[in-house]
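With the numbering used here as the guide, the letters of the sequence shown map in order to residues 16 to 498.
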Amino acid sequence: MPSRRKRHAVARSRHGRWASCFASSATCSEICMSDEKIRVLILGGGFGGLYAALQFEKRRDSRFDVTVVNRENFFLFTPMLHEIAASDLDLTNIVNPVRKMLRHVSFFCGDVDKIDVEGKRVTVSHGFDRHSHELEYDHLVLGLGSVTNFFNLPGVAERALTMKSLGDAIQLRNRLIAHLEEADTECARAERPPLLTFVVAGGGFAGVETIASINDFLRDALPFYPNLKEEMLRLVLVHPGEFILPELGEKLGRYADKKLRERGVEIHPKCKVTAMQPNEVELTTGERITSATLVWTAGVSPNPIVALVPCLKERGRIKVNRYLQVEGLDGLWALGDCALVPDPATGGYCPPTAQHASREGKILAHNIIASIDGKAKKPFNFKTLGLLAAIGRRTGVARILGVNFSGFLAWFLWRGIYWSKLPRTEKKLRVAIDWALDVFFSKDFVQYLDQRALAHSQTETGAAPWNREQLSHPEKVDKRIAA
């Protein structure tokens, strides 16, 4: 039997394409898309990339050979991510398998390593040994999204949690429950302040919805922990602006501020996080908050892979024209968080929101087809329909078509509008059932990973969770890490 490195596996796709794959760390040079067809390669399976692929899926134009590359094999509906962390929804209900959504578009689950715009090929890697492939294209769509930006603040990248992925939401939920379990023990009485203090950095939509959700979750859980009382909890929202949710305007921002304060959330406006120690969060005001948990939602930057593309950029994002083309590079298109899309109404750029990205995807797919057919391309021209935020306890804030809503009605609109945008009827039904059950039953306080599994997983990734030594003697942990 030949060794795994020498075996040559040949697989035939449903489109009749032959692809060769050498299971080694060396690059596998291959053409995964037929030469007779127009090869469209979409990098990224977020709102922009997926909705572009869905347009090709609907058209089923036999002239095109479309492939989506994404590091996960699912599409995550990020507007509901905080509900996973707060146990309002089951974790699989806001994710859709890409292969179920795209039956006539090919899918490659892997990481993008290199983009060669001159040779019109992209190097991707996958598998347990991270071996490589080269995918050739005629048209390349960059929808790689953004990554969390920690601004090189001391200790933040190493110790803070984030809220961008499904794994982030699961990790946050596990952390909340683990802290409650530990704090409820008598031997952890002295360690309760850092265990029961939770800081969220960033007063935008992600930060406000995250702290509102975990505030509800923790207060609903406390009656099941006999040694803990509500006054032991401390939740802090740090925001650099004068009021939170600035995208919704001052009136709704201050309403959200008032409601969160009424529910026990501390809001620190006009300040920022400057550093995080193992047991402490430092602010620009000089205040030091004793806390073992910081959730960072205070900044993003374009995917670093975008820097490999030799084109005009601003703040790391690719500049495109009104048709979502990267000018000067044949067959190159960009959309979503990694692109700067002109907004003719304001003279600036479109905001990097899901509603913009999904519509950009539809226009971009149309324009690729139009460019092949020699027809006129459509300029992207979309005005934000509305912005909504859930702020806990069946309360929300919303601005829809210029009209402000707040309270229960805004929360109901938030749920109704986002529910209608969920892909696939199956997921809509599952979410509706979860929400209905939530009316009659309390939240589940079950960790998706037990404490030992979580510790093992995080130690492997170099992000060990807190432990008693860290809480009691953070200086020892720092020395051990330095060693």
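Just so you know, even glycine gets a beta-carbon here, dropped at the ideal spot from N, CA and C. Note that the structure is predicted; figures quoted are calculated from it, not measured.
Run of the beta strand (DSSP E) containing Q292, from where it starts to where it stops: 288-292 is the extent of the beta strand (DSSP E) around Q292.
A203 (DSSP reduced to helix, strand or coil): A203: helix per DSSP, three-state reduction.
Coil, strand or helix - A193 by DSSP: A193 falls in the helix class under three-state DSSP.
Reduced DSSP secondary structure (H/G/I, E/B, other) of C326: C326 carries a coil assignment under DSSP once its states are collapsed to helix, strand and coil.
Environment of P169 [buried if 16+ CB atoms lie within 10 Å]: In the assembly as shown, P169 is an exposed residue. Its beta-carbon has fewer than 16 other beta-carbons within 10 Å.
Under 9 Å between C-beta atoms of R278 and N318: No; because the gap between Cβ atoms is not below 9 Å, this pair is not in contact.
Buried versus exposed call for C365 [16 or more other C-beta atoms within 10 Å across all chains shown]: C365 is buried by the Cβ-count criterion.
Secondary structure of S373, DSSP reduced to three states: The answer is helix: DSSP assigns S373 an H, G or I state.
Euclidean distance between Cα positions of N396 and I99: For N396 and I99, the gap between their C-alpha atoms comes out near 33 Å.
Where P94 falls, given that 16 or more other Cβ within 10 Å makes a residue buried: The residue is buried, with at least 16 neighbouring Cβ atoms inside 10 Å.
8 Å contact criterion, which V137 and L65 should meet: CB distance rounded: With 8 Å as the limit, V137 and L65 do not qualify as a contact, their Cβ atoms being about 18 Å apart.
Between the CA atoms of Q340 and G346 - distance to the nearest angstrom: It is roughly 8 Å from the alpha-carbon of G346 to the alpha-carbon of Q340.
Those residues which DSSP pairs with E297 across a bridge: Paired residues: A290, R303.
Under 9 Å between C-beta atoms of A67 and A369: Cβ atoms of A67 and A369: not closer than 9 Å.
8 Å contact criterion, which F89 and V81 should meet: CB distance rounded: Contact flag wrong, Cβ pair sits at about 18 Å.
Other residues of its chain near F79: CB distance less than 7 Å, five sequence neighbours each side excluded: Apart from the 5 residues on each side of it in sequence, F79 sits with its Cβ closer than 7 Å to the Cβ of K52, I53, V55, F71 in its chain, given in chain order.
Sequence-distant residues of its chain with Cβ nearer than 6 Å to D183 (five each side left out): Cβ neighbours of D183 beyond the five flanking positions: T177.
Contacts around T289, its chain only, beta-carbon distance under 7 Å, and the 5 residues preceding and following it disregarded: Same-chain partners within the cutoff: L168, E297, L298, T299.
Complete runs of the alpha helix (DSSP H) confined to the segment 104-129 [at least 4 residues]: Unbroken alpha helix (DSSP H) stretches of 4 residues or longer found wholly inside the segment 104-129: 113-116, given in chain order.
Delimiting residues of the beta strand (DSSP E) encompassing S180: In this chain, S180 is not harboured by any beta strand (DSSP E), its DSSP state being neither H nor E.
Where E72 sits in the DSSP three-state scheme: It is helical.
In chain order, each beta strand (DSSP E) run of at least 3 residues that lies wholly inside the segment 377-432: You should have 401-407, 410-415, 418-422.
Alpha carbon of L195 to alpha carbon of Y240, nearest angstrom: Roughly 8 Å between the two C-alpha positions.
Length of the line joining the Cα atoms of K392 and A385: Taking the straight line from one Cα to the other gives about 6 Å.
I57 - partner residues in DSSP beta bridges: For I57, which the question treats as bridged, DSSP gives the partners V83, V156.
Cβ shell of E257 (< 7 Å), same chain only, five flanking positions each side left out: Spatial neighbours of E257 in its own chain (CB-CB distance under 7 Å, excluding positions within 5 residues in sequence) are listed in chain order as P284, K285.
G222 CB to nearest heavy atom of the ligand FAD below 8 Å: In terms of ligand content, the structure shown is empty, and the ligand FAD therefore cannot be addressed.
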